[in-house]
Amino acid sequence: MEDLLVNQFLLLGAILFCIGVYGVIARKNTVLVLMSIELILNAVNINLLTFGALMGDVAGSVFALFIIAVAAAEVGVGLAMVLIIYRNRSSVDLDDIDSMRG
Amino acid sequence: MLDYAWIIPLLPAASFFLILFFGKKMPRKGSEIGIAAVGIAFTLALATNVSWWDHVDNPPAGHEEVVEGESAAVSAPGQEGEAEEHETVEPVTQEVTWFESGGVDIKVGMLLDGPAVMMLLVVTTVSLLVHIYSTDYVGGDRRYTHFFAFLSLFTASMLGLVIAKSTLQLIVMWELVGVCSFVLIGHWWEEKANSDAALKAFITNRVGDVGLIIGVILLFWTVGSFDILETNAAALDGSVGHSTLLIASCCLIAAVMSKSGQFILHTWLPDAMAGPTPVSALIHAATMVVAGIYMVARLYAVFFEGLSIGTSSFNLLALVGGVTVLGGAGLAFVQNDIKKVLAYSTVSQLGYMVMALGIGAWTAALFHLFTHAFFKACLFLGSGSVSHAVHSFDMKKDMGGLRKWMPQTYRTFVIASAALIGIFPLAGFWSKDEILAGANQLGGSGHYTVFMIIGIVGAFMTAAYMTRTIWYTFFGEFRGHGQPHESGPRIVVPLWILAALGVTAGLVNLPSALAPDSGALRFEHYFEPKGNYFPAVNFSHPEFSLAIAVGSTIIGLAGITLAYLWYFRGLGPHGITERNRAARAGYTVLLNKYYFDHLYTDIIVADVKGPIARATYWFDRNVLDGIVNGTGRFATVLGRFTYERIDQQVVDGAINGSAAAAEGGGQIFRQLTSGKVQQYGALLFGAAALFAGVIILFV
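Read top to bottom, the protein sequences are chains A and B.
The first sequence lines up with residues 0 to 101 when you count with numbering that gives the first Met the number 0.
The second sequence lines up with residues 0 to 698 when you count with numbering that gives the first Met the number 0.
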């Protein structure tokens, strides 16, 4: 019974992760890409919490809390950058941002 | 002291380096270092002698038990009696491994027995006196320091030769004394005659060294050891074949002929007089030239068995010595150079020693070596003193009447000459008499009678030519220039010491017929080896013979008288060499030194050097040049091939190819860096997925 529950949680994490990856790769809007990254991070959080519960260890929960904090900071920085890019280029389309082209 | 006698050669060796490095800075230019080192060596040699005498008289207690134990263990009839009859005196030995090669330990060490102890004393005594003498004689010379450095090196190597334990060590020291001789003969090398003489001495000695090396190698292969004691013991106990010993001893005789100035390789020794006189006294009269005799004395068992000395009445060693006695004495008559007279006299006296060894009179030979070292060194130093005063060695042109001006030199010279001639009771009388008695009594049937006659004739000639020398040098009218003067104390004192030794040295081996037991035959008692390495079993000593002693004295006196009448009184057929054809022919032969130099330089060398030079030239043109040119041509071809094929095509191709590959790769990979963030992200996730897949599948 418990194994089934673990599998479902892991499956949820995996689906969430794949949606996030799809969003990161396929979306043209920078803000949506940032949101997709949040999805990936949360998929990881679910995995950590699941394995933490399975092992009876609080370390997984602690790590999840850390990641939530880091994700908040990351979103803050990321949105600030997007805002500056928009001011400079009047666009948040990722295809336009290719100054690192080799 | 006996165990530490190896320090003695090390002292002058150290002094050599000290003089070389610091000599010029010393107040006396390095001579004080040499004198101090040799002085200490002399003191130690004396101490060694005293300990050795004690060692002989009171052998270590443990040793005698061993001998008795051995004879009891063997317990064969006769053996026991023999062991008691021939008391053994164990030599003192020390050795260390020098290097190891092919499973053979090459050792160096010290073999201290009677003859070694005796030679230590002789070498250090003469060397010390010569050092003192030299401070005056070569004083102010431009290579004064250098001179003393090489005197030290010579003393060191001679002492090293004396105590050498193995024949290999003997060869090394043998060559070292040869080098020192070469350097010191050519001390004044600016004059071509001197450097020629040095080269002649060196090269002539090489001829004999070939014999030495072959002989030593032969003995090594048959005995299996370089050790002198083992070699002698093996020669005596019959484990080495007679023919091997015969060949080895003949090879070694060649070495004796060159080093000890025996006919026919004696020609270098008179020329070696080009060196400074102290060198002649030390090296070419008292010590180095007796190295050959010492070598025979050291390896006496080899010669004794190889040449059947005890049972024959004629052998090569005695023949070489006998020829040299007469040949050298004959040449001494026609020399005008005082040092050359003495040089030929040395050749002749060395002939006596070799002859004595050849007839089996071992002790007599070494005894003659011992006494000869002193009076001949005295004669040489005396001639040096004379030449110091008149600045010449030519007796006929620049000397004469010197007894008035140089009384000290005159007296010592006459005393030493009398000792050389063998006037009773001076040193030469006893030693020469023992040789003659040996020739009369030793050997197989018929004894060595021929050699006794040679010895007596030689004594007669010695007396005559020494009288002639004294006449030309010290009597008559002074024919030189300026005012000769007596030499200083540093020259005269060594002369007197050596003259005194020349008088008394003979007393150490008084025959038992003339002295009480405690004083008779001391030399034989202390210095003759007693042991299984010395041919003692069938070895007998000549008895003192009054007839021979009186006879040889009369012959000597006759020689003096005849020469006295001829030179001092002007009697006899003077000018016969101009009038009589036979006499003139004989005189010319003597004047040309039996044409040996002509034989060597004009016939042998001239005939050999042309073909050799031509052969060498041909070899040079055709073989060496061919090799060199061929190598050059091959190198050119190889170089061109390398350039065209390897460098241009392989190396450059590889470099260009790798550059092109890098460029192509760059072109491909440059597509990836599009600058599109999502493309990078896709690559990241793709790679991560791939990595995850690998982990899942394989871990």
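Think of the CB as a built atom: it goes at the ideal place given N, C-alpha and C, for glycine as much as any other residue.
It should be emphasised that the depicted structure is a prediction, and the values quoted were computed from it without experimental measurement.
Exercise for review: Rank B:Met117, B:Leu150, B:Gly674, B:Val121 by C-alpha distance to the C-alpha of B:Ile131 and give the top, closest one.
Suggested key: B:Leu150
**Study point:** Integer Cβ distance of B:Ile453 from B:Val324, believed to fall under 8 Å
**Key:** 6 Å
Check your understanding: With a cut-off of 8 Å, does the C-beta of B:Phe699 fall near any C-beta of chain A?
Key -> No answer is possible for residue 699 of chain B: it lies beyond the span of chain B, which begins at 0 and ends at 698.
Check your understanding: Considering only C-alpha positions, which residue in the set B:Lys592, B:Gly555, B:Lys608 is nearest to B:Leu264?
Key -> B:Lys592
**Study point:** A:Leu93: contacting residues in chain B (beta-carbon distance under 8 Å)
**Key:** Lys675, Val676, Gln677
Review point. Taking Cβ-Cβ distances shorter than 8 Å, what residues in chain B pair up with A:Val23?
Key: Gln677, Gly680, Phe684
Check your understanding: Measuring CB to CB, does B:His367 end up less than 8 Å from B:Ala355?
Key -> yes
**Study point:** Check whether B:Thr243 and B:Thr166 have beta carbons under 8 Å apart
**Key:** no
Point to revise | Span of the beta strand (DSSP E) around B:Trp97 | key: 91-100
Review point. Hey, quick one: how far does the beta strand (DSSP E) through B:Leu699 stretch, first residue to last?
Key: The structure shown does not extend to residue 699 of chain B, since chain B is modelled only from 0 to 698, so the question has no answer here.
Exercise for review: Grab me the residues of A:Val23's own chain with a C-beta within less than 8 Å of its C-beta, minus the 5 sequence neighbours each way, in chain order.
Suggested key: Val32, Ser35, Ile36, Ile39
Point to revise | Anticipated Cβ contact below 8 Å, B:Tyr599 with B:Thr266, distance rounded | key: 7 Å
Review point. So, B:Ile6 versus B:Leu43, is the Cβ gap smaller than 8 Å?
Key: yes
Practice item. State yes or no: is the C-beta of B:Gly399 within less than 8 Å of the C-beta of B:Glu485? Key: no
Check your understanding: Is the beta carbon of B:Asn314 within less than 7 Å of some heavy atom of the ligand ZN?
Key -> Summarising the ligand content, the structure contains no ligands, and the ligand ZN is consequently not present.
Practice item. Report, in whole angstroms, the separation of the C-beta atoms of B:Ser194 and B:Gly185, which I expect to be a contact under 8 Å. Key: 5 Å
Point to revise | Closest residue to B:Phe526 among B:Ile213, B:Leu637, B:Val604, B:Ala364 (Cα-Cα distance) | key: B:Ala364
Check your understanding: Residues in its own chain within less than 8 Å of B:Gln678 by CB, not counting five upstream and five downstream?
Key -> Leu671
Practice item. Taking B:Met352 as the reference, give the member of B:Arg141, B:Ala660, B:Gly383, B:Leu435 with the closest Cα. Key: B:Leu435
Point to revise | Euclidean distance between Cα positions of B:Phe697 and A:Met54 | key: 25 Å
Review point. My guess is that B:Ile337 and B:Thr552 are in contact by the Cβ rule of under 8 Å, so how many angstroms apart are they, rounded?
Key: With a Cβ gap of about 26 Å, B:Ile337 and B:Thr552 do not count as contacting.
Exercise for review: Label B:Tyr447 either buried or exposed according to how many other C-beta atoms from any shown protein chain fall within 10 Å of its C-beta, with 16 as the threshold for buried.
Suggested key: buried
Review point. Using 8 Å as the Cβ pair cut-off and three pairs as the minimum, do the stretch 292-312 of chain B and the stretch 384-396 of chain B touch?
Key: no
Check your understanding: What residue does the alpha helix (DSSP H) around B:Gly481 start on, and which one ends it?
Key -> That residue, B:Gly481, is in no alpha helix (DSSP H); it is neither H nor E in DSSP.
Review point. Taking Cβ positions, are B:Tyr136 and B:Gly383 nearer each other than 8 Å?
Key: yes
**Study point:** Cutoff 8 Å: A:Asp97 Cβ touching any chain B Cβ
**Key:** yes
**Study point:** Three CB pairs or more closer than 8 Å across the stretch 552-565 of chain B and the stretch 410-422 of chain B
**Key:** yes
Exercise for review: Tell me whether A:Ala71 is buried or exposed, calling it buried when 16 or more other Cβ atoms sit within 10 Å of its Cβ.
Suggested key: exposed
Check your understanding: Per DSSP, B:Leu325 is paired with what?
Key -> B:Leu325 is not bridged to any residue.
Check your understanding: Does any residue of chain B bring its CB to less than 8 Å from the CB of A:Met80?
Key -> no
Check your understanding: Taking the C-alpha atoms as reference points, what is the distance between B:Gln648 and B:Gly664?
Key -> 23 Å
Point to revise | Closest by C-alpha distance to B:Thr124, when choosing among B:Phe41, B:Ser224, B:Pro58 | key: B:Phe41
Practice item. For B:Ala155, count neighbouring Cβ atoms within 10 angstroms of its own Cβ and tell me buried if that reaches 16, exposed if not. Key: buried
Exercise for review: For B:Ala71, name the three-state secondary structure that DSSP assigns.
Suggested key: In this prediction, B:Ala71 scores a pLDDT of 39, lower than 50, which makes its location untrustworthy; the coordinate-derived value is nonetheless stated afterwards. B:Ala71 falls in the helix class under three-state DSSP.
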